[in-house]
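For the sequence shown, our numbering begins at 362 and goes up steadily by one.
The beta-carbon is built from N, C-alpha and C at its ideal position, and this holds for glycine as well.
Below you'll find the structure, written out as structure tokens, and then a few comments.
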Amino acid sequence: MWGVIFIINVSVIAILTVFAWWGNQLLNQNAALIAVSQAQLTPLANAAPQKIATATDNSAAIKSVGIPAYTAAKLKQTTTVNQNGIGRLYIPQARVALPILAGMTDANLLSGVATYRPTQRLAHGNYVIASHNIFGTGLGLANIKVLKAGNAVYATNYGYVYRYQVSSNQVVNANKIGLLDDVGPTDAAIMTIFRCEGPEGTPYRRVVQAKYTGYTTFEHTPSAVLKGLGISQKSVATKADKVVNQGVAPLNIWQQLAVRSAGMVLASAPWQLCLVLGLTLFLPIAGIMVSDHKGGKRYVR
């Protein structure tokens with residue numbers, strides 16, 4: 362009996378290990394933007410004002426997050442984007458392609474880029490967006506560290522494609538909030554993109570600022586930019602198109618299980634994992650040894 366239990370335990374551990382490895386791969390990937398046809402853009406643009414008006418602002422409560430919070434956000438990412446998505450961001454040189462989400466909440470900061478002010482508009486004032494930084498990964502805005510002056514930034518509100526050009530990239534203390542202030546009505550429009558810089562609890566922020574340089578209609582936007590924004594060049598929606606408010610590919614049930622497994626493993630202390638694995642393997646082995654010992658005694662008698 363103990364031999365069977367040992368085999369079952371080893372099999373379960375092997376399966377969970379595979380799921381945890383797969384889940385870790387999923388956790389280390391930004392969700393792919395679902396391509397929308399140009400015929401779907403008007404409904405998306407029309408839905409944005411209501412999302413902005415009803416967006417939640419928890420900026421005062423925002424703090425560094427760890428793996429458990431990110432795992433929970435990953436499992437609800439599609440719902441978060443559906444409810445709060447108002448546009449998309451594309452930065453070619455940083456390999457960033459993320460949904461723009463209305464409202465400063467942890468869920469938004471972990472699912473895409475969150476808007477800093479409800480009144481901000483693309484091509485006007487200082488358009489501020491941010492994301493959480495999961496240290497040691499390439500998620501969210503992690504790669505904006507490579508941006509240099511002159512690099513292009515593209516954003517859309519589903520009405521037009523807006524172009525910005527990077528003007529500065531710096532690391533500042535978190536209390537240097539002047540960079541997030543709005544600019545005057547006569548000042549040039551800019552975009553400010555920021556995230557935490559360093560491990561959980563860091564007092565530093567990576568801040569990239571870019572100057573607004575113009576906008577184009579979707580028909581006059583280069584195909585490579587449309588692809589980066591996840592906008593199909595099709596002008597007519599077909600039955601095969603996804604629901605218009607669905608911004609990122611959802612996880613299926615197996616992917617969800619894998620993400621949960623990885624989240625539990627990554628959030629556990631090493632001693633906890635060793636204890637669980639040790640007991641799972643040791644108890645059946647001990648049972649086998651005891652059974653063999655008792656069996657040997659019976660044979661001698």
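(request) Report all residues from its chain with a CB closer than 6 angstroms to the CB of threonine 498; omit the five preceding and five following residues, and keep chain order. (result) Excluding the 5 residues flanking it on each side, threonine 498 has same chain C-beta neighbours closer than 6 angstroms at Asn389, in chain order.
(request) Output yes or no for whether 7 angstroms exceeds the beta carbon distance between isoleucine 551 and lysine 572. (result) Yes.
(message) Bridge partners for glycine 446 per DSSP, in chain order?
(response) In the DSSP output, where bridge partners are listed per residue, glycine 446 has Leu462.
(message) Does leucine 634 come out as helix, strand or coil in the three-state DSSP assignment?
(response) Legend: pLDDT at leucine 634 = 47, less than 50; position of this residue unreliable, value from coordinates given subsequently. The answer is helix: DSSP assigns leucine 634 an H, G or I state.
(message) According to DSSP, is leucine 405 part of a helix, a strand, or is it coil?
(response) Of the three classes helix, strand and coil, the one that applies to leucine 405 here is helix, per DSSP.
(message) Assess contact between the segment 503-513 and the segment 396-403, defined as three or more Cβ pairs (one per stretch) separated by less than 8 angstroms. Is contact present?
(response) Touching, no.
(message) Is the beta carbon of glycine 464 closer than 7 angstroms to that of alanine 513?
(response) No; because the gap between Cβ atoms is not below 7 angstroms, this pair is not in contact.
(request) Taking tyrosine 521 as part of the beta strand (DSSP E), name the residues at either end of that continuous run. (result) Counting along the chain, tyrosine 521 falls outside any beta strand (DSSP E), and DSSP gives it neither H nor E.
(message) Between the alpha carbons of isoleucine 395 and glycine 591, how many angstroms are there, rounded?
(response) Going from the Cα of isoleucine 395 to the Cα of glycine 591 covers about 6 angstroms.
(request) Alpha carbon to alpha carbon, how far is alanine 408 from alanine 475? Give it in angstroms, no decimals. (result) Alanine 475 and alanine 408: Cα-Cα distance of roughly 17 angstroms.
(message) Tell me which residues share the same chain as aspartate 542 and place their Cβ nearer than 8 angstroms to its Cβ, disregarding the 5 neighbours each side in the sequence.
(response) Same-chain partners within the cutoff: Asn487.
(request) Inspect the beta-carbon positions of asparagine 518 and leucine 462 and report whether they are closer than 7 angstroms. (result) Taking 7 angstroms as the Cβ cut-off, asparagine 518 and leucine 462 do not qualify as a contacting pair.
(message) I'd like to check one pair, asparagine 419 with asparagine 445: are the Cβ atoms closer than 7 angstroms?
(response) In this structure, asparagine 445 lies away from asparagine 419, with their beta-carbon atoms at least 7 angstroms apart.
(request) Give me the Cα-Cα distance between glycine 589 and serine 372, rounded to the nearest whole angstrom. (result) For glycine 589 and serine 372, the gap between their C-alpha atoms comes out near 42 angstroms.
(request) Note the first and the last residue of the continuous alpha helix (DSSP H) segment covering isoleucine 428. (result) 428-436 is the span of the alpha helix (DSSP H), which, as asked, contains isoleucine 428.
(message) So, does the segment 423-430 touch the segment 451-458, judging by three or more C-beta pairs under 8 angstroms?
(response) Between the segment 423-430 and the segment 451-458, the count of Cβ pairs shorter than 8 angstroms is below three; the stretches do not touch.
(request) Quick one: residues in its chain with C-beta nearer than 8 angstroms to the C-beta of glycine 520, no 5 flanking neighbours on either side, listed in chain order? (result) Taken in chain order, the residues that qualify are Leu402 and Ala406.
(request) Pick out whichever of Thr480, Glu561, Val568 and Gly559 has its Cα sitting closest to the Cα of threonine 553. (result) The option with the nearest alpha carbon to threonine 553 is Val568.
(message) Run through the DSSP bridge pairs and tell me what alanine 516 is partnered with.
(response) Beta-bridge partners of alanine 516 (DSSP): Leu450 and Tyr523.
(message) Do alanine 392 and alanine 585 count as a contact pair if the criterion is CB distance below 7 angstroms?
(response) Alanine 392 is positioned such that its CB atom lies no closer than 7 angstroms to that of alanine 585.
(message) Just to confirm, is the Cβ distance from tyrosine 431 to isoleucine 490 under 7 angstroms?
(response) No, Cβ-Cβ distance for tyrosine 431 and isoleucine 490 is not below 7 angstroms.
(request) Report the three-state DSSP secondary structure of asparagine 582 (helix, strand or coil). (result) For the sequence presented, residue 582 should be read as threonine rather than asparagine. In the structure shown, threonine 582 sits in coil (DSSP, three-state: anything other than H, G, I, E or B).
(message) For a quick check, are the C-beta atoms of valine 620 and leucine 471 less than 7 angstroms apart?
(response) Not a contact, by the Cβ cut-off of 7 angstroms.
(request) Would you tell me roughly how many angstroms separate the C-alpha atoms of glycine 473 and tyrosine 523, rounded to the nearest one? (result) Going by the C-alpha atoms only, they are around 18 angstroms apart.
(request) Within its chain, find whatever has a CB closer than 8 angstroms to the CB of tryptophan 382; leave out the 5 residues flanking it on each side and keep chain order. (result) Annotation for tryptophan 382: Ala623 place their beta carbon closer than 8 angstroms to its own, counting only its chain and skipping 5 residues before and after.
(message) Are the CB atoms of glycine 427 and glutamate 561 within a distance shorter than 7 angstroms?
(response) Yes. Within cutoff.
(request) Can you tell me which of Val379, His581 and Thr466 puts its alpha carbon nearest to the alpha carbon of threonine 441? (result) Nearest C-alpha to threonine 441: Thr466.
(request) Whole angstroms is fine: what's the gap from tryptophan 632's alpha carbon to asparagine 613's? (result) The pLDDT assigned to tryptophan 632 is 47, lower than 50, so where the model puts this residue is not dependable; a value taken from the coordinates is nonetheless given after this. If I take the Cα positions, the gap works out to 32 angstroms.
(message) For glutamine 411, count the other beta carbons within 10 Å of its own beta carbon; 16 or more makes it buried, fewer makes it exposed. Which is it?
(response) Glutamine 411 comes out exposed.
(message) Between tyrosine 565 and asparagine 534, how many whole angstroms is the CB-CB distance? I'm expecting something under 8 angstroms.
(response) Contact between tyrosine 565 and asparagine 534 holds, with the beta-carbon distance rounding to 6 angstroms and staying under 8 angstroms.
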